[in-house]
Amino acid sequence: MYISAQSYPDEEILGLANDVATALSMTMPEVLKAFGQYLFGHLNRTHLGIVEGFNGFADLIMGIDKVIHVEVSKLYHEPNLPEINARLIKNGFILMEYYSKRQLCMCAEGLIYGAADYYNIDVTLNHIQCMHSGFDKCMIEIKYEAENG
């Protein structure tokens, strides 16, 4: 039995994800992306108020490291969070740097899609550089419906 307020070894979680991938004839990246998309909605429901503090999709993405990860660190013991640096290039385009020893960048992509679902906007991601290809960090282009205001 798993409970949300506890951390679990990466090997155990990745083993479960691999079992899901096999059972559903999906790739691990597809499973991790789908899990991330689900996870956004779950975390939003269980931690009411965090997402409501943002003024839209771009504000949320820009606040991942300085707001969301700070709140997560208050709630969970040793959460093992990735380093995220998101830069607004222009309205409708964010460049995100992702680094984690865990290399769960596909889960991060899923979380971004989950945020887009929450704000009911279309988003396109382009993973232009990936740790799985030998780079020291991932670079993800996030193109989204430009927000007014």
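In our numbering, the protein residues as written are 26 to 174.
Cβ coordinates follow ideal geometry from the N, Cα and C atoms, glycine included.
Quick caveat: nothing in here was measured; it's all calculated off a predicted structure.
I'd like the ranges of any beta strand (DSSP E) spanning at least 3 consecutive residues and lying wholly in the region 96-151.
108-115, 118-124
If we count the other Cβ atoms within 10 Å of its Cβ and call it buried at 16 or more, is Lys58 buried or exposed?
buried
Assign Ala111 to one of two classes, buried (16 or more other C-beta atoms within 10 Å of its C-beta) or exposed (fewer than that).
buried
Using only the alpha-carbon positions, how far apart do Gln62 and Pro54 sit?
12 Å
Tell me, please, whether the region 140-148 touches the region 64-77 by the rule of three or more beta-carbon pairs shorter than 8 Å.
yes
Going residue by residue through the region 38-91, where are the continuous alpha helix (DSSP H) segments of at least 4 residues, counting only ones entirely within it?
53-71, 82-87
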